[in-house]
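For the protein sequence lines, the chains are E, B and H, in the order given.
Residue 1347 in the numbering used here sits at position 254 of the first sequence, with consecutive numbering throughout.
Residue 182 in the numbering used here sits at position 171 of the second sequence, with consecutive numbering throughout.
Residue 126 in the numbering used here sits at position 121 of the third sequence, with consecutive numbering throughout.
Yeah, the Cβ is synthetic: ideal placement off N, Cα and C, and Gly gets one too.
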Amino acid sequence: METKNNLKAWFYLAPMLILMAVFTFYPLINAFIISFYKDYLPLANNGVGSITGYTLNNYAVIFKNQLFWRAILNTFVLAFVSVPVSIMVSLFISVSLKAIPKLKGFFQTVFFLPYVTNAIAVGMAFAVLFHKDYGLFNVVLRLFGITPIDWIGGTASWWAQMSALMVFTIWSSLAFKILVFTSGLENIDKQYYDAARIDSASKWTIFKRITVPLLSPLILYISITSLIGALKAYNSVIGLFGERLGGQPYRMITIVAFVYKYRADFAFQGFYSYAASAAIILFFITLIFSVLQTVVSRKRVHY
Amino acid sequence: MEIRMANLTKIFTSKDKKEVHAVDHVDLTIPSGKLIGLLGPSGCGKSTTLYLIAGLLKQNEGQIFFDDDEVSEMPPEKRGIGLVFQNYALYPHMTVRDNILFPLQNLKVEKEEAKRRTIEMAQLVGLQEMLDRKPKELSGGQQQRVAIARALVKKPRVLLLDEPLSNLDARLRLQTREEIKRIQRETGITTVFVTHDQEEAMSISDEIVVMKDGVIQQMGLPQEVYDHPHNLFVAKFLGNPQINVFEGDVKGGKVYIDDMHIGSVKLPDQKVQIGVRPEGFLVDDTLKSDFNFAVNLVETIGRDTTLIIDIPSDEGGLLDKKSFKVIVDASHRIQTGDLVHFTVKPEKMHLFDLDGGLLT
Amino acid sequence: MSDIYVKNEKSYKAKKITFNILTYLFLIAIAIAILIPFYWMLLTSMKSDELMRRIPPLLWLNPKEWQLSNYYRLFELVASGPRRGEPLFPFFTYMRNTVVISIITTTGTMITTVLAAFAFARLNFKGRDIVFAILIGTMMIPGEIFILTNFLTINRMGWYDIMDQSYMDVIFAMTLPFMTSVFYIFYLRQTFKQIPNELYYAAKVDGTTDFQYLLKIMIPIALPTIITITILNSMGAWNAYIWPAMITTKDEFRLVSNGLRGAFTDTGTGRTDYGQQMASSTLVTLPLLILFFTFRKQIMRGVSRSGIKG
């Protein structure tokens, strides 16, 4: 009986496993291998590729590359500011939604809209919003007597560009979080709130000492997944800044954009390996954060 | 502190627009410092009444007073009550100590005093060893005691308990209900608890209030309500084993079950329902009584003997049951099949009209 | 202690109302913030060239001033250059491609997911938990790693040929790497696991094979989840950008995201026609919005459930 099940099970898994072997497992191993190739030309020799040897140098090249460090800076700033801010904002929104007697569904629908949009399309809309001359933001600034800022154009400062990107990123990321937190709030037994009211707790106390602690496993989980997602920012940057990635070439480059830039230049010897090395580095970064937060969660989660 | 409810009404509307009067124009006064049992079957409105007193539900009509203060519009956080929820509702992420401290912190009680009172409460309920445990590490009975401590620590004017014993196993139930009685005696707080178990209510309450369909059926001392039920529902709800109810007639001042004469009463001729508790029968050794039957089943528990008697169907007589129960002193050595004559103790015979109303 | 029993009825009602008003104001402010980009996108798309170039920009257009010229021009055929004879923004081509890819990928994913979820949920076999753990592990890996090699694989299969890429080539290249999803397998397995064992045993006693059980019992019961996965998956193709950009050689193969960026900038003057850009953005955003409003409850429920991890 056991063997019959074994065989059968593998049949069921076969389609998935075959596809994953080709497009997931093999590429994972291959990425490591490529990162050690020397002078790699992937499409030479009829697609087999040509190398002149093996080397550890690719990683060194990356670490010496200024563009790489700019990508790290941009990505980290974006991730470590947008994630906490959007979590706090979405938490407040979810709690507010729970408190209102009517129109809940209407607001939920509106708040969810950013999720069902195309990042590039909306990114371009934001680009127009932030436009020096034609954008709404500068209209508001002028209203307050402040001189208009070039947010994303050729003369924009890094601060302006990052701010614009931050606004766009937070805007896009609220929808999912609001939905998840709303659902999480619903799972908190109403009795705890009743008990807290009997215990004379103010609304703020209830939020701080009952709601947030009871929600903390969820908050932590969302933090991890959002952080990892934010570290992989790409589509939004393309949408907002275009392929040139903002002003002085690639000013707003992110780690993923860095990988793709080198991949796109695959005709240059060795560049594909740089892409692979950068991708591996990204992998380790996200791995570190996953592990870090899992360890922290064992200690701090209030249960 | 006395609780007074005037014309209190709470209506729930279901999805198909049906209105349910969970609490229906209730006038009720809970005397100060007493332990009152609010008793009734599921859905009778007792928990709703409790929640109205607490302020967690808002009444549709009527008013609530704590002594002379009207609290009808006050939110629960201001009413100064303690509530022990049926599922205890202990904050799972806080220790026992923090659970009990919580209300004091919200009331801005000074730190040292708050600490002192917490320990005092823990001692009152016997949990001073458990202060640093989390709720999930405690048994059901212990969790409930924490809930009681938390409710009492803020020295409320009123203590409310929602079905405090229903989540406990049988053994704990007996123990805990004595605890509740003891704590109430020691603190002297006006206490109302809700239950569907009549034995529970009878055993510890100073007074009981019986409810049905949102209306109060009767209020009084447990023994009073037991001995003098105001209607058939109350008569049937109290008492274990349940009261026997017979169909009968009053003719010419005499009470008959079928044609068996069991007593006299000053009432006009009419059809009646006759309630007689199992202990309301006496064995008639003179063998003269009309009311006699062959005994079908005899159960002895040593202290007394229960006789189970079937009434043959063509003789009518009983209301929705086929047999009735009689409890007699064990000294009567009665066996299955014996023909036994009974008389009914007059004070144990309760007459009700066909709608269940008391006939006096 | 009785001083805490403040007895001011009016202040309770007033407090409550104030709180509610403030909350609503907060939510309305957020709602406006959410809607502004959409509004601006639509507004800009309806401004004629001249209106568009006004500084400061118009915040509002009378219905009388609404111009659809930007939209019309998107469908005009290009006069010269490499794309002569094609519409400026081949919206329908992109749409068609996206829909085709979406259908194929979703169908493929459904099949692999259902089969695999069944195996993990229902069947007992050696190595089941290890394999499952490994799969969960792969979810942590950034997709960028896979893309590098997959590009090479696609090339080796002959599907990426700069000279001579056929539509079939593109279809294979775009769909095959994305016909599995560990995430959906995980999600569906959860749902399958909730189907009581007793049903399985009863079916076995009745002589049902595993496959029949899957088809006739598990799938119908798990249908809501399956539908949700289908909807969510099909929405994925809409946002695909980097992969289609990498492996398509001709514009007519591109997906909807690819065509957007970079278009409408006159390389000569460097001036971007924002009106047209916004018109094309609006067009691209529209289908997904329509899908959303049709399946709103499904989509939101599915996303929230998939967000609260197992």
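N-terminal and C-terminal residue of the alpha helix (DSSP H) that residue i is part of
i               : result
residue 396(B)  : The question about residue 396(B) has no answer here: the residues shown for chain B are numbered 12 through 371.
residue 169(H)  : Careful: residue 169(H) lies outside any alpha helix (DSSP H) and carries neither H nor E.
residue 1197(E) : 1197-1205
residue 1312(E) : 1305-1324
residue 212(H)  : Taken as a continuous stretch (DSSP letters only), residue 212(H) belongs to no alpha helix (DSSP H), as it is neither H nor E.
residue 282(B)  : Where residue 282(B) is concerned, there is no enclosing alpha helix (DSSP H), although the beta strand (DSSP E) it sits in stretches over 281-287.
residue 2(H)    : Any answer about residue 2(H) is impossible in this case: the structure gives chain H only from 6 up to 315.
Which residues DSSP lists as bridging residue i, in chain order
i               : result
residue 41(B)   : 14(B)
residue 220(B)  : 49(B), 230(B)
residue 1378(E) : Paired residues: none, contrary to the question.
residue 275(B)  : 265(B)
residue 30(B)   : 24(B)
residue 92(H)   : 82(H)
residue 1143(E) : 1134(E)
residue 81(B)   : 76(B)
residue 352(B)  : 303(B)
The beta strand (DSSP E) enclosing residue i, as first and last residue numbers
i              : result
residue 303(B) : 303-305
residue 308(B) : 308-311
residue 335(B) : 334-340
residue 165(H) : Unbroken run through residue 165(H): none, as it is neither H nor E.
residue 121(B) : First-last for residue 121(B): undefined, no H or E at that position.
residue 170(B) : 169-173
residue 360(B) : 360-363
residue 321(B) : 315-321
Cβ distance (whole Å) where residue i is taken to contact residue j below 8 Å
i               : j               : result
residue 351(B)  : residue 294(B)  : 6 Å
residue 233(B)  : residue 216(B)  : 6 Å
residue 1190(E) : residue 1200(E) : 6 Å
residue 154(B)  : residue 112(B)  : Their Cβ separation, rounded to whole angstroms, is 17 Å, which puts residue 154(B) and residue 112(B) out of contact at 8 Å.
residue 46(H)   : residue 1218(E) : 4 Å
residue 52(B)   : residue 332(B)  : With 8 Å as the limit, residue 52(B) and residue 332(B) do not qualify as a contact, their Cβ atoms being about 18 Å apart.
residue 369(B)  : residue 242(B)  : 6 Å
residue 95(B)   : residue 158(B)  : 5 Å
residue 276(B)  : residue 362(B)  : 6 Å
residue 184(H)  : residue 117(H)  : 6 Å
residue 191(B)  : residue 175(B)  : 6 Å
residue 1277(E) : residue 1311(E) : 4 Å
residue 120(H)  : residue 1345(E) : Between residue 1345(E) and residue 120(H) the Cβ distance is about 43 Å, and since that is not below 8 Å, they are no contact.
residue 200(H)  : residue 223(H)  : 6 Å
residue 1284(E) : residue 251(B)  : Not quite, the Cβ-Cβ distance comes to about 32 Å (not below 8 Å), so this is no contact.
residue 1116(E) : residue 181(H)  : 7 Å
residue 280(H)  : residue 49(H)   : 6 Å
Residue nearest to residue i in terms of C-alpha spacing, selected from the options
i               : options                            : result
residue 1196(E) : 178(H), 29(H), 79(H)               : 29(H)
residue 107(H)  : 79(H), 242(H), 291(H), 184(H)      : 242(H)
residue 267(B)  : 250(B), 254(B), 286(B), 114(B)     : 286(B)
residue 338(B)  : 310(B), 277(B), 63(B)              : 310(B)
residue 201(B)  : 218(B), 104(B), 135(B)             : 218(B)
residue 53(H)   : 66(H), 44(H), 41(H), 43(H)         : 66(H)
residue 1178(E) : 1227(E), 1229(E), 1146(E), 1267(E) : 1267(E)
residue 1145(E) : 1273(E), 1152(E), 1132(E), 1139(E) : 1132(E)
residue 259(B)  : 249(B), 273(B), 253(B)             : 273(B)
residue 1203(E) : 42(H), 119(H), 217(H)              : 42(H)
residue 1361(E) : 1110(E), 1137(E), 1388(E), 1100(E) : 1137(E)
residue 103(B)  : 121(B), 86(B), 144(B)              : 144(B)
residue 347(B)  : 318(B), 364(B), 371(B), 335(B)     : 318(B)
residue 126(B)  : 264(B), 115(B), 343(B)             : 115(B)
residue 172(H)  : 260(H), 218(H), 307(H), 213(H)     : 260(H)
residue 159(H)  : 1222(E), 1135(E), 1369(E), 1171(E) : 1135(E)
Just by C-beta distance, which residues in the stretch 81-93 of chain B are closer than 9 Å to chain E? 86, 87, 88, 89, 90, 91, 92, 93
Using Cβ-Cβ distances below 8 Å, what residues of the stretch 208-225 of chain H are close to chain E? 215
When Cβ atoms are compared, which residues of the stretch 193-209 of chain H fall closer than 9 Å to chain E? none
Could you run through the stretch 108-119 of chain B and flag, in chain order, every residue whose CB is less than 7 Å away from some CB of chain E? With the criterion set as a beta carbon lying under 7 Å from some beta carbon of chain E, the members of the stretch 108-119 of chain B are 113, 114, 117, 118, in sequence order.
Short of 8 Å Cβ to Cβ, which residues in the stretch 18-36 of chain H face chain E? 24, 25, 28, 29, 31, 32, 35, 36
What are the residues of the stretch 1289-1316 of chain E that lie near chain B, defined by any Cβ-Cβ distance shorter than 9 Å? 1289, 1290, 1291, 1292, 1293, 1294, 1295, 1298, 1302, 1303, 1306, 1307, 1309
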